[in-house]
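J.: Here it is, the structure in full.
Protein chains: 2
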Amino acid sequence: MMASNTGGQAPVGNPPSERTTVKRMPHRGVYDRETINAILDEGLVCHLGFTLDAQPFVLPTIYARDGDQLLIHGSAASRMLRSVRSGIAVCATVTLIDGLVLARSAYHHSMNYRSVVILGTAIEICDRTRKLAAMRMIVNHVITGRWDQVRAPSDGEIRATMVLALPLNEASAKVRTGPPIDDEEDYNLPSWAGVLPLSLDAHAPVADPQLPGGIPVPSNVRFYRRGMLPGIVAK
Amino acid sequence: MMASNTGGQAPVGNPPSERTTVKRMPHRGVYDRETINAILDEGLVCHLGFTLDAQPFVLPTIYARDGDQLLIHGSAASRMLRSVRSGIAVCATVTLIDGLVLARSAYHHSMNYRSVVILGTAIEICDRTRKLAAMRMIVNHVITGRWDQVRAPSDGEIRATMVLALPLNEASAKVRTGPPIDDEEDYNLPSWAGVLPLSLDAHAPVADPQLPGGIPVPSNVRFYRRGMLPGIVAK
Numbered sequence: 001m002m003a004s005n006t007g008g009q010a011p012v013g014n015p016p017s018e019r020t021t022v023k024r025m026p027h028r029g030v031y032d033r034e035t036i037n038a039i040l041d042e043g044l045v046c047h048l049g050f051t052l053d054a055q056p057f058v059l060p061t062i063y064a065r066d067g068d069q070l071l072i073h074g075s076a077a078s079r080m081l082r083s084v085r086s087g088i089a090v091c092a093t094v095t096l097i098d099g100l101v102l103a104r105s106a107y108h109h110s111m112n113y114r115s116v117v118i119l120g121t122a123i124e125i126c127d128r129t130r131k132l133a134a135m136r137m138i139v140n141h142v143i144t145g146r147w148d149q150v151r152a153p154s155d156g157e158i159r160a161t162m163v164l165a166l167p168l169n170e171a172s173a174k175v176r177t178g179p180p181i182d183d184e185e186d187y188n189l190p191s192w193a194g195v196l197p198l199s200l201d202a203h204a205p206v207a208d209p210q211l212p213g214g215i216p217v218p219s220n221v222r223f224y225r226r227g228m229l230p231g232i233v234a235k
Numbered sequence: 236m237m238a239s240n241t242g243g244q245a246p247v248g249n250p251p252s253e254r255t256t257v258k259r260m261p262h263r264g265v266y267d268r269e270t271i272n273a274i275l276d277e278g279l280v281c282h283l284g285f286t287l288d289a290q291p292f293v294l295p296t297i298y299a300r301d302g303d304q305l306l307i308h309g310s311a312a313s314r315m316l317r318s319v320r321s322g323i324a325v326c327a328t329v330t331l332i333d334g335l336v337l338a339r340s341a342y343h344h345s346m347n348y349r350s351v352v353i354l355g356t357a358i359e360i361c362d363r364t365r366k367l368a369a370m371r372m373i374v375n376h377v378i379t380g381r382w383d384q385v386r387a388p389s390d391g392e393i394r395a396t397m398v399l400a401l402p403l404n405e406a407s408a409k410v411r412t413g414p415p416i417d418d419e420e421d422y423n424l425p426s427w428a429g430v431l432p433l434s435l436d437a438h439a440p441v442a443d444p445q446l447p448g449g450i451p452v453p454s455n456v457r458f459y460r461r462g463m464l465p466g467i468v469a470k
């Protein structure tokens, strides 16, 4: 993907299934679970695909990884989640954009990225204890340690939330890193070539206008960055 | 989406079709073309959904907006593009993440974001002149003015590329902005609350190790940012 001369996206499994085997640029396919986990833990939003009446829908949603499954949540009234809960096939994709790859020819332009594609069917988590634990993991995936800094959900809020789990057994990663790869005869062109790094960065927190004075910005907000390891911050 | 208490994603049309009407959080649905265009022009990557043998796939890919259509490209050998070219229903989704919305309760956490969902079927662009123009728009969408700084594609490279156009007539946007909305009784809790802004930012360019000395970093690389208007930079 992401390039004039590439198209597909790759899978990982143990081993990869036929339908998750990276088709385009197979050298970019990465099949180890550690790579997949690291991408899922750094990503903030997945794009969840499902098909209704032969029409695919792709909607962004937050998530968390819990071991060998992806947790997704939303309103119990959500069309998306009600559809996915019914056991239909879904695809959840997480993409991290790492940079623009600027080559000497238009054709060899590309991007540096890390992505994971997960195929499967989701299962609703109904047990109250497991559901609450999943909700906690999702909040803490978005920002480490946040759950313990805020009011926990009421029974009504728990009921109003639907949580689904998607197993990671049919998942694959695809990664591109490094400088552009130009045609041999293009290396003497006078074009600047290289990589422009990109990342999703946090900026100065904006306090709620209704926040009373004297409440400091907690360190997990002040020093926020994606890819932050659990336990580095909080308090 | 993106919140403990929301789920769906919204459509825009003129007027919105039944299947693109924002279901969850309808007040977040935005239906004017200018909003849709601005989101598409700022986004770098779309997530393209298509269904094969009842299995949805969601793959990230770069794109450009050309008036009332989205241009997508890739290898002529790509499984994704060959599938989409066959006229099957697709969904292309672009999501911009603007910030974490940190409420006083876990339940009211959310994200500020802008997203566009496009439903439709894509048409291949075969005419050489139109195809080359589309390839130019895609490169310049990723980085303004880049096309004229690099070697144009050869005939073979043009043939090896497939370009598809997806009409925007069934598109919708969904936008959340502003501070958290907490339950009235939670405003006196001692939790810090507010928004942590996030954006996809560029960092110092990394020259290709094989770049000869004396080639300066062009201004469209040096001052790169998303949402940059065409014509601001280049040269």
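Residue numbers (the numbering used here), protein chains in the order written: chain B, 1 to 235; chain U, 236 to 470. Even glycine gets a Cβ: it sits at the ideal position worked out from N, Cα and C.
1. Leaving out five residues on either side along the sequence, give the residues of the same chain with a beta carbon under 6 Å from the beta carbon of U:Ala-469.
2. Identify, in the order they occur along the chain, each residue of the same chain with its Cβ nearer than 6 Å to the Cβ of U:Ile-360, setting aside the five sequence neighbours on each side.
3. Which partner residues of U:Ala-406 appear in the DSSP bridge assignment?
4. Work out the CA separation of B:Glu-42 and U:Leu-435 for me, nearest whole Å.
5. So, are the CB atoms of B:Ser-110 and B:Arg-176 less than 8 Å apart?
6. Ignoring anything shorter than 3 residues, give me the beta strand (DSSP E) runs that lie fully in the region 39–95 of chain B, in order along the chain.
7. From the DSSP secondary-structure annotation, give me the bridge partner or partners of B:Pro-179.
8. May I ask which residues mark the beginning and end of the alpha helix (DSSP H) holding B:Asp-155?
9. Could you list which residues in chain U have their beta carbon closer than 7 Å to that of B:Ile-36, in chain order?
10. For U:Arg-339, which residues does DSSP report across the bridge?
11. Would you mind giving the Cβ-Cβ distance between U:Phe-264 and U:Val-325, rounded to the nearest angstrom? I have them listed as a contact below 8 Å.
12. Using C-beta distances below 6 Å, list every residue in its chain close to B:Asp-66, excluding the 5 sequence neighbours before and after it, in chain order.
13. Can you give me the start and stop residues for the alpha helix (DSSP H) that U:Ala-368 sits inside?
14. Quick check: what's the CA-CA separation for U:Thr-356 versus B:Leu-70?
15. Residue range of the beta strand (DSSP E) that U:Val-430 falls in?
16. Tell me the DSSP secondary structure of U:Ile-332 in three-state form.
17. Which residues in chain U sit within 8 Å of B:Ser-199, going by Cβ to Cβ distance?
18. Taking the beta carbon of U:Pro-295 as the centre, do at least 16 other beta carbons fall within 10 Å, making it buried, or is it exposed?
19. Between B:Ala-193 and chain U, is any beta-carbon pair separated by less than 8 Å?
20. Out of U:Pro-291, U:Cys-281, U:Phe-292 and U:Leu-316, state which residue places its alpha-carbon closest to the alpha-carbon of U:Thr-396.
21. Given U:Pro-291, which residues of its chain have a CB within under 8 Å of its CB, disregarding the five upstream and five downstream residues?
22. By the 10 Å Cβ neighbour count, where 16 or more other Cβ atoms means buried, how is U:Val-247 classified, buried or exposed?
23. Would you tell me roughly how many angstroms separate the C-alpha atoms of B:Thr-20 and B:Lys-174, rounded to the nearest one?
24. Give me, in chain order, the residues of the same chain whose beta-carbon lies closer than 6 Å to that of U:Ala-299; leave out the 5 immediate sequence neighbours on both sides.
25. Which residues, in chain order, does the region 142–161 of chain B contribute to contact with chain U at a C-beta distance below 8 Å?
26. For U:Met-236, count the other beta carbons within 10 Å of its own beta carbon; 16 or more makes it buried, fewer makes it exposed. Which is it?
27. So, does the CB of U:Gly-284 fall closer than 8 Å to a CB anywhere in chain B?
28. Answer with yes or no whether the minimum CB distance from B:Ser-219 to chain U is below 8 Å.
29. Rounded to a whole number of angstroms, what is the C-alpha to C-alpha distance between U:Ala-442 and U:Leu-424?
30. Given this structure, state the Cα-to-Cα distance separating U:Arg-320 from U:Val-280, to the nearest angstrom.
31. Would you say U:Tyr-298 faces chain B, with C-beta separation under 8 Å as the test?
32. If you measure from the beta carbon of B:Ala-207 to each beta carbon in chain A, is any gap under 8 Å?
33. Looking at the secondary structure, which residues open and close the alpha helix (DSSP H) in which U:Ser-516 lies?
34. Am I right that U:Val-293 and B:Val-58 are in contact with their C-beta atoms under 8 Å? What's the rounded C-beta distance?
35. Below 8 Å on the Cβ atoms is my contact criterion, and I expect U:Ile-353 with U:Ala-406 to pass it. Report the Cβ-Cβ distance as a whole number of Å.
36. Note down the Cα distance separating B:Asn-316 from U:Leu-335, rounded to an integer number of angstroms.
T.: Reading from the atomic positions:
1. Any reading at U:Ala-469 is ruled out, since the residue's pLDDT is 34, under 50, leaving its predicted position unreliable.
2. Lys-366, Ala-369, Val-398 and Ala-400
3. U:Ile-353
4. 14 Å
5. yes
6. 45–52, 55–66 and 69–75
7. According to DSSP, which records beta bridges pairwise, B:Pro-179 is partnered with nothing at all.
8. 155–159
9. What B:Ile-36 touches in chain U: nothing, since even the nearest Cβ is about 15 Å away.
10. Looking at the DSSP assignment, U:Arg-339 forms no beta bridge with any residue, so it has no partner.
11. The sequence shown places Gly at residue 264 of chain U, not Phe. With a Cβ gap of about 21 Å, U:Gly-264 and U:Val-325 do not count as contacting.
12. Met-137
13. 363–377
14. 30 Å
15. 429–437
16. strand
17. Leu-435, Asp-436 and His-438
18. buried
19. yes
20. U:Leu-316
21. Gly-284 and Phe-285
22. Since pLDDT at U:Val-247 reaches only 37, below the 50 mark, its modelled position is unreliable, and the value read off the structure follows with that caveat. Counting Cβ neighbours within 10 Å, U:Val-247 comes out buried, since at least 16 surround it.
23. 11 Å
24. Leu-306, Met-372, Ile-373 and His-376
25. Val-142, Ile-143, Arg-146, Trp-147, Gln-149, Val-150, Arg-151, Ala-152, Pro-153, Ser-154, Glu-157, Ala-160 and Thr-161
26. Below a pLDDT of 50, predicted positions are generally treated as unreliable, and U:Met-236, at 45, falls in that range; no measurement from the model is reported.
27. yes
28. no
29. 50 Å
30. 19 Å
31. no
32. Of the protein chains in the structure, B and U, none is chain A.
33. Residue coverage of chain U in this structure runs from 236 to 470, which leaves residue 516 of chain U outside it and unanswerable.
34. 5 Å
35. 4 Å
36. Since the displayed chain B opens at 1 and closes at 235, residue 316 of chain B lies outside it and no answer follows.
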